[in-house]
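Counting from 246, one number per residue, gives the positions in the sequence shown under the UniProt record's numbering.
Here the structure comes first, spelled out in structure tokens, and everything after it is commentary.
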Amino acid sequence: AAADKGGWSSFMAKEVSEEPEAVANTIRGRVRDGQVVVPELDGMDALFADISRIIVIACGTAAYAGAVGKYALEQWTRIPVDVELAHEFRYRDPVIGPDTLVVSISQSGETMDTLMAVKYARERGARTLSICNTQGATIPRESDAIVYTHAGPEVAVASTKAFVAQITALYLLALHVARVRGTVSSAEGEQHVRELEAVPEKISQILDREQARIEEFAGWMADTRSVLFLGRHVGYPIALEGALKLKEISYIHAEGFAAGELKHGPIALIEPGQPVFVIVPSPRESALIHSKVVSNIQEIRARGARVIAIAEEGDAAVLPFADEVLRIPLAGPLMEPLLAVVPLHIFAMGLATAKGLDVDQPRNLAKSVTVE
Ligand code: G6P
């Protein structure tokens, strides 16, 4: 049967509403006695014990999921991780071999750039693992191992629920490998599992509490010509994803920056009225990083920026300097990107809708790019 919108105004609206299930369904069946055990990775313990580096390759939104995953993979497994665009990796004579695990990420499993990079990695002797949302697609068939995301079919060209599922799968991979290598204790492993399992409910809370308000102010911003996004640590790839989504479906110039880079260039762009989304890291996780981002907000506010802060509940430090504060529930370390991206997906959709655009079929783009 043809996919149907199930009462939603667009596939994208339906798919954003399915972000909680995309995370929950990707976790399901992969936790045993409180620890992550991914059944598809059974029999790979020796490989995981032996590898000395991981290279994540992908394109578009999937590459930003990879960039988030790097933080968890390195923190939990202590294996060095590089994240690279598939088309760049493939053509630069990378240093890879049997000690390298190349993790590809692709919703469709058919992206030609990613497929060619996986084949190339295999020819060069690397081990390959595919994170994919489409059963039986080409990229998983060409890989040594597969961890499927269970986001369900994604129809809208701009990826949303697959993105949160990809981050979830990377976290599961990280916790699985960390268990095998003994780099995370069983108590810590259980704690991370509980935090990950709590994410779907927290995404639902964001959708319930903030969606209408975000859509409303996106509506007022229909004439905006440029939007900037700032983030730090795991919030940095989320800033890039927020900008990409806005470009893709609303055709507005948008750029994401690492907040720490502001003073090295991007602050020159700030003029009165410039909208800037800032993903504010949790002060509970790092008071230092939080205070640095709050300073960035003060700096851009002083130059007239219109600041939309995405901050955790109870973070009062941002209130004096933000024009809007979008709240995300308190969550465990590294879980924030799975929450902070939700308001950005809603915003891009709200703005494109306010401009009267077809959010599911943006001009010039294809869901799956099967040419190099
Ligand atoms: C296309 C789509 C993007 C997607 C990218 C990677 O460019 O328009 O939304 O992120 O391909 O697709 P994949 O199926 O490999 O995740």
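Every residue, glycine too, gets a C-beta built ideally from N, C-alpha and C.
What residue from the options has the CA that sits closest to residue i's CA?
{"i": "M594", "options": "D568, A396, T345, S254", "result": "S254"}
{"i": "G397", "options": "N270, L417, A371", "result": "N270"}
{"i": "E581", "options": "Y316, E506, H498", "result": "Y316"}
{"i": "A382", "options": "D287, R439, Y393", "result": "Y393"}
{"i": "R275", "options": "A371, Y365, A403, A414", "result": "A414"}
{"i": "P528", "options": "Q519, V521, V539", "result": "V539"}
Applying the 10 Å Cβ sphere with the 16-neighbour rule, what's the burial state of residue i?
{"i": "H509", "result": "exposed"}
{"i": "W465", "result": "exposed"}
{"i": "L584", "result": "buried"}
{"i": "H421", "result": "buried"}
{"i": "D278", "result": "exposed"}
{"i": "G314", "result": "buried"}
{"i": "P565", "result": "exposed"}
{"i": "R608", "result": "exposed"}
{"i": "D358", "result": "buried"}
{"i": "A499", "result": "buried"}
So, helix, strand or coil for residue i, using DSSP?
{"i": "V429", "result": "coil"}
{"i": "L475", "result": "strand"}
{"i": "A503", "result": "strand"}
{"i": "A390", "result": "strand"}
{"i": "D287", "result": "coil"}
{"i": "L374", "result": "strand"}
{"i": "residue 633", "result": "This structure cannot settle anything about residue 633, because the visible part of the chain is limited to 246 through 617."}
{"i": "L571", "result": "strand"}
{"i": "R470", "result": "coil"}
{"i": "H498", "result": "strand"}
{"i": "E263", "result": "coil"}
In whole angstroms, what separates the C-alpha of residue i from that of residue j?
{"i": "residue 643", "j": "I512", "result": "It is not possible to answer for residue 643, since the shown part of the chain is limited to 246 through 617."}
{"i": "F592", "j": "V326", "result": "31 Å"}
{"i": "A561", "j": "A567", "result": "10 Å"}
{"i": "E557", "j": "A488", "result": "21 Å"}
{"i": "A246", "j": "F256", "result": "Low local confidence applies: a pLDDT of 43 at A246 is under 50, so the model's placement there is unreliable, with the coordinate-based value given in what follows. Distance between the alpha carbons of A246 and F256: 15 Å."}
{"i": "G251", "j": "L589", "result": "23 Å"}
{"i": "Q606", "j": "V614", "result": "14 Å"}
{"i": "V604", "j": "T428", "result": "43 Å"}
{"i": "L404", "j": "A432", "result": "Note on residue identity: the sequence assigns Ser, not Leu, to residue 404. If I take the Cα positions, the gap works out to 34 Å."}
Of all residues in the structure, which have a C-beta closer than 7 Å to any heavy atom of ligand 3, taken in chain order? Because ligand 3 does not appear in the structure shown, any question about it cannot be addressed here, the ligands present being ligand 1.
Fully enclosed by the stretch 298-366, which beta strand (DSSP E) runs are 3 residues long or longer? Counting only runs of 3 or more, we get 298-303, 326-330, 345-351.
Alpha helix (DSSP H) runs contained entirely in the stretch 505-571, provided each spans 4 or more residues: 532-547, all fully within the stretch 505-571.
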